[in-house]
Amino acid sequence: MAKRALITGITGQDGSYLAEFLLSQGYEVVGMVRRSSTVTFERIAHIQDDLTLVAGDLLDEVSLIGILREHRPVEVYNLAAQSFVQTSWGQPVLTGETTALGVTRLLDAIRIVDPEIRFYQASSSEMFGKVREVPQTETTPFYPRSPYGVAKVYGHWITVNYRESYGLHASSGMLFNHESPRRGLEFVTRKVTHGVARIVAGLDDKIPLGNTDSQRDWGFAGDYVRAMWLMVQRDEPEDYVVATGKTHSVRDLCEAAFSHVGLDWAEHVFVDERFLRPAEVDLLVGDASKARVELGWEPTVSFAELVAMMVDADIELVRHSGR
Ligand code: NAP
Ligand code: G4F
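So in the working numbering, spot 238 of the sequence shown is number 288, and the numbers just go up one at a time.
Quick look at the structure:
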């Protein structure tokens, strides 16, 4: 019998890659989608016929209980969140309701319906924030710097707490930034690669950015969803850092993206204060030794390959869509 997994956030970047991965492993995949006045299935349109999509929302525990009762998944991957850091200052309560309390609602629904379900929580390197050590590991203390980071710390600890209180098989992946051609246009990697494509097409000349000094450990989303699945397959639930171990500044990102098409980034990028944040996470770089040793996980895509992949995909996209 095929295993059945539920993915919350299936319409997002990671949800789409995880759904593809689980289908390739022979799973039946149930995806939770929230009600919207327009269709948000762009990232999963190519596999939609192979999925079971069900309506629900992390803000509504009744919907979560109903989905678990009806579809009886053996694994649940909680990828849904208000995931954009900048928005979390403008909408701190919504961010807390979704990204923090939403985790409790889902864990509680699991506890009520079927405590044998294996659970994955999408924790974040944003929890390390103003970092206490370099590189960051599973034991590095948290110091979140945004309402989003604070909400993720809550989501992380409630996952640990339900594991310890109720014996749930609940694991938390502390994932560092991971990107792809399916990344939302508001995140800095995609903003830059899509901006480069528009400049190449003659549609724009400049990209406004915020802090170009900040450094991130950027990997490829397709690699990171494999780590999620590996955690859930372990006999014992645990928490893992997932990262490449290499860090680059936003300036390095611009340099790589523009030089890929033979342009000088300094002629096309300018600082716009609207994109500066009230508090910044200056440097993230993870040590994924535990994931390497215990899960056998390794990233397969380098920073340069990732940027080139994204620029090439955006050039294609702009060529076809004209925007
Ligand atoms: P994303 O592209 O922004 O996707 C977020 C998903 O959550 C979307 O499917 C969205 O649905 C859904 N969602 C938002 N609010 C919801 C609600 N109230 N109820 C149900 N679904 C809701 O994010 P991502 O990059 O794939 O990231 C996946 C998860 O990993 C998130 O929890 C994120 O915080 C975390 N994470 C991401 C990274 C990264 O670098 N990508 C790193 C660490 C952790 P709509 O399509 O309807 O908006
Ligand atoms: O691409 P970003 O918006 O990602 P950020 O804030 O690191 O968060 C992402 O990664 C987290 C994991 O560490 C996830 F948990 C989270 O859900 C999300 O996926 O910004 C990256 C850096 C920041 O330092 C930001 O200040 O780029 C800087 N930046 C500079 N100019 C900009 C811009 N970021 C954005 N989005 N837009 C700019 O114009």
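Virtual Cβ for every residue (Gly too), placed ideally from N, Cα, C.
All values derive from a computational prediction rather than experimental measurement.
Sort out for me which residues DSSP pairs Tyr-170 with in a bridge. Bridge partners of Tyr-170: Tyr-127, Ser-221.
Pairing CB atoms from the region 200 to 220 with CB atoms from the region 151 to 168, are three or more of them under 8 Å? Yes, since at least three Cβ pairs between the region 200 to 220 and the region 151 to 168 fall closer than 8 Å, the two stretches touch.
Whole-angstrom distance between Ala-105 and Leu-114, CA atom to CA atom: 9 Å
Mind checking whether Thr-267 and Phe-325 have CB atoms under 7 Å apart? Position check: residue 267 holds Asp in this sequence, whereas Thr was assumed. Cβ distance not < 7 Å, so Asp-267 and Phe-325 don't count as in contact.
Check: Ser-87 C-beta below 6 Å from any heavy atom of the ligand G4F: In this structure, Ser-87 has its CB at a distance of at least 6 Å from all heavy atoms of the ligand G4F.
Using only CA atoms, which one of Asp-332, Ala-52, His-121, Arg-122 lies nearest to Tyr-193? Asp-332
At which residues does the beta strand (DSSP E) containing Gly-81 begin and terminate? 78 to 83
I'd like to confirm something about Glu-323: is its beta-carbon nearer than 6 Å to some heavy atom of the ligand G4F, or not? no
Would you call the CB atoms of Thr-90 and Thr-61 closer than 7 Å? Contact flag set, yes.
Quick check: is any heavy atom of the ligand G4F less than 6 Å from the C-beta of Ser-230? no
Using 7 Å as the threshold, is the C-beta distance between Leu-103 and Asn-128 below it? For Leu-103 and Asn-128, no; Cβs fall outside 7 Å.
Run through the DSSP bridge pairs and tell me what Ser-299 is partnered with. Gln-265
By how many angstroms is the C-alpha of Glu-323 removed from the C-alpha of Phe-71? 39 Å
Could you tell me if Lys-202 is buried or exposed, where buried requires 16 or more neighbouring beta carbons within 10 angstroms of its beta carbon? With 16 or more other Cβ atoms within 10 Å, it is buried.
Range covered by the beta strand (DSSP E) that runs through Leu-280: From DSSP, Leu-280 is part of no beta strand (DSSP E) but of the alpha helix (DSSP H) over 271 to 283.
Where are the alpha helix (DSSP H) runs, 4 residues long or more, that stay fully inside the region 196 to 243, in chain order? Listed in chain order, the complete alpha helix (DSSP H) runs (minimum 4 residues) inside the region 196 to 243 are 197 to 216.
What is the C-beta distance between Ala-316 and Val-361, in whole angstroms, given that I count them as a contact (C-beta under 8 Å)? Their Cβ separation, rounded to whole angstroms, is 17 Å, which puts Ala-316 and Val-361 out of contact at 8 Å.
Check whether the Cβ atoms of Ser-175 and His-206 lie closer than 7 Å to each other. no
Could you check which residue in Gln-132, Gln-136, Thr-154 has the C-alpha nearest to that of Leu-144? Gln-132
CB of Phe-270 within 7 Å of CB of Val-335, strictly: The Cβ-Cβ distance between Phe-270 and Val-335 does not fall below 7 Å.
Quick check on the burial criterion: 16 or more other C-beta atoms within 10 angstroms. Buried or exposed for Gln-283? If you draw a 10 Å sphere on the C-beta of Gln-283, you find fewer than 16 other C-beta atoms in it, and that means exposed.
Are Arg-182 and Thr-190 close, meaning C-beta to C-beta below 7 Å? yes
Using the Cβ count rule (16 or more neighbours within 10 Å means buried), how would you classify Lys-256? By the C-beta density criterion, Lys-256 is exposed, having fewer than 16 other C-beta atoms within 10 angstroms.
Tell me which residues share the same chain as Gln-265 and place their Cβ nearer than 6 Å to its Cβ, disregarding the 5 neighbours each side in the sequence. Thr-297, Ser-299, Leu-333
For a test of the three-state rule: what should DSSP assign to Val-104, helix, strand or coil? strand
Using the three-state DSSP reduction, which class does Asp-289 fall into: helix, strand or coil? strand
Once the 5 residues before and after Val-135 are set aside, which same chain residues still bring their CB inside 6 Å of it? Ser-196, Tyr-198
Backbone CA spacing between Val-321 and Gly-252 [nearest angstrom]: 21 Å
Is Leu-144 a contact residue of the ligand G4F, with contact defined as CB to any heavy atom under 6 Å? no
Does the beta-carbon distance from Met-278 to Tyr-290 come in below 7 Å? no
Determine the contact status of Ala-337 and Pro-185, defining contact as a CB-CB distance below 7 Å. According to the sequence provided, residue 337 is Asp. The question's Ala does not apply to it. For Asp-337 and Pro-185, yes; Cβs fall inside 7 Å.
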